[in-house]
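Colleague: Residue 12 is where the sequence shown starts when you use the working numbering, and the numbers rise one by one after that. We put the CB at the ideal spot given by N, CA and C, even for glycine. Quick one: structure below, then a few questions.
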Amino acid sequence: MPLFQRQIIAIFLLGCLALAARAEPLRVVTESWAPYVYEDNGQPAGLDYEIAAEVLRRLDVEVQWQFLPWKRCLLALEQGQADAILDIFRLAERERQMLFVEEPLSEVEFVLFFARNRPYPYRRLEDLRDLLVGTSPGYWYNDAEFRRSRLFTREEAPSHEANLGKLVRNRVDLVVNDRRAGLFLAARLGLDQRLGYNTQALGHDRLYLALRRDPKLQPLASAFARELRRFKLEAAYAELQARYAEPADAALAGAWQRP
């Protein structure tokens, strides 16, 4: 057997042995952010949940899932109360505390949602002058100018649902969210006919699985990335993506694009 294949097998076996030595399930925390991960009748669901669960099943890793507010997810991992966090953005400052799986789970596109009876078009930062923009606590928006700008006011809400509720009640002018997540949530809340979004994106990013920075978990991070890449080539992965795809007309129904 070639040396490279022996090394790959050794990494996988070390990961399995490390988890077996713990004699405990892998404790994974996350916050509900449909359609990527959420609770459905008390059970975990979502695109990235199903992807991660399938990969971990193939690696024979038992998992304990827990939903928490995002800031508590970060704190749980930092304090060793969790072993992994699902659907997190990869930032340089997080690398010191976390082992990021090299292969991303999903890609996101941040856009600005508006109430259809008060559409605020957005093409550049100047368009947000004097507006009140709803954001989510602890979330990273991959646009430095947006994060630092003083042209507008940011207002956090306790949840994504609360943000959209404030939007339709005219308590904020715009809400920033991932396009797919915002459309999915609006449909679940029955607000899809009352909300739209600007097609000009604020930024793009990727969602990852990150593990506690522990050398014993490095083999698992490597094995997960390898198995995820393999899964992405299979028909089952394409079927999963299709199941969570937004309706063909959803993106157009509420979009605003300035001429």
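Could you have a look at Asp-138 and say whether DSSP puts it in helix, strand or coil?
Modeller: helix
Colleague: Runs of 3 residues minimum, wholly inside the stretch 130-216: which ones carry the beta strand (DSSP E) assignment?
Modeller: 143-146, 164-167, 185-189 and 206-209
Colleague: Who are the near neighbours of Leu-136 in its chain, counting only those whose CB is closer than 8 Å to its CB and skipping five residues on each side?
Modeller: Excluding residues within five positions, the ones whose Cβ falls inside 8 Å are Glu-156, Phe-157, Ser-160 and Leu-162.
Colleague: Spatial neighbours of Glu-42 within its chain, please: CB distance less than 7 Å, with the 5 preceding and 5 following residues excluded, ordered by chain position.
Modeller: Around Glu-42: Phe-78, Leu-79, Pro-80, Trp-81 and Cys-84.
Colleague: Using the Cα positions of Val-179 and Thr-210, report the straight-line distance between them to the nearest angstrom.
Modeller: Going by the C-alpha atoms only, they are around 19 Å apart.
Colleague: Taking the C-alpha atoms as reference points, what is the distance between Trp-44 and Leu-196?
Modeller: 9 Å
Colleague: Taking all protein chains shown into account, decide if Asn-128 is buried (16 or more other Cβ within 10 angstroms of its Cβ) or exposed.
Modeller: exposed
Colleague: Is it right to say Gly-207 is buried, meaning 16 or more other beta carbons lie within 10 angstroms of its own, or is it exposed?
Modeller: With 16 or more Cβ atoms within 10 Å of its Cβ, Gly-207 is classed as buried.
Colleague: In whole angstroms, give me the CA-to-CA distance for Glu-166 and Glu-245.
Modeller: 42 Å
Colleague: Are the beta-carbon atoms belonging to Leu-185 and Phe-121 less than 7 Å from one another?
Modeller: For Leu-185 and Phe-121, no; Cβs fall outside 7 Å.
Colleague: Out of curiosity, what's the CA-to-CA distance linking Val-112 and Arg-68?
Modeller: 16 Å
Colleague: Three-state secondary structure (DSSP) at Phe-100?
Modeller: coil
Colleague: In chain order, what residues of the same chain lie with their CB nearer than 7 Å to the CB of Ala-236, ignoring the 5 residues before and after it?
Modeller: Taken in chain order, the residues that qualify are Val-112, Glu-113 and Glu-114.
Colleague: Count the other C-beta atoms from every protein chain shown that fall within 10 angstroms of the C-beta of Leu-220, then say buried if there are 16 or more, exposed otherwise.
Modeller: buried
Colleague: Take Asp-225 as the anchor and find which of Arg-182, Gln-108 and Asp-138 has the nearest alpha-carbon.
Modeller: Gln-108
Colleague: Less than 8 Å between the CB atoms is what I'm expecting for Tyr-47 and Asp-94, so what's the real figure, rounded?
Modeller: With 8 Å as the limit, Tyr-47 and Asp-94 do not qualify as a contact, their Cβ atoms being about 20 Å apart.
Colleague: Could you check how far apart the C-beta atoms of Leu-116 and Ala-192 are, in whole angstroms? I think they sit under 8 Å.
Modeller: So it is not a contact: roughly 14 Å between Cβ atoms.
Colleague: Check whether the Cβ of Val-186 sits closer than 6 Å to any heavy atom of the ligand GDP, and report yes or no.
Modeller: Of ligands this structure carries none, so the ligand GDP is not represented either.
Colleague: Have a look at Ala-173, Leu-143 and Glu-89 and flag the residue whose alpha-carbon is nearest the alpha-carbon of Thr-164.
Modeller: Leu-143
Colleague: Using the C-alpha atoms, what's the distance from Leu-251 back to Ala-56?
Modeller: Each residue's Cα considered, the two are about 12 Å apart.
Colleague: For Ala-234 and Tyr-150, I'd like the C-alpha separation in whole angstroms.
Modeller: Near 28 Å, if we compare the C-alpha coordinates of Tyr-150 and Ala-234.
Colleague: Verify whether the separation of the beta carbon atoms of Val-66 and Pro-36 is less than 7 Å.
Modeller: no
Colleague: Could you check what DSSP says for Ala-236 in three-state terms: helix, strand or coil?
Modeller: helix
Colleague: Please state whether DSSP places Ala-32 in a helix, a strand or coil.
Modeller: Note on Ala-32: pLDDT 46, under 50, position unreliable in the model; no value is reported.
Colleague: Please report the residue range of the alpha helix (DSSP H) in which Leu-67 lies.
Modeller: Per DSSP, the unbroken alpha helix (DSSP H) holding Leu-67 starts and ends at 58-69.
Colleague: With 16 other CB atoms within 10 Å as the buried threshold, where does Ala-168 fall?
Modeller: buried
Colleague: When the Cα atoms are used, what is the spatial distance from Pro-148 to Arg-241?
Modeller: 34 Å
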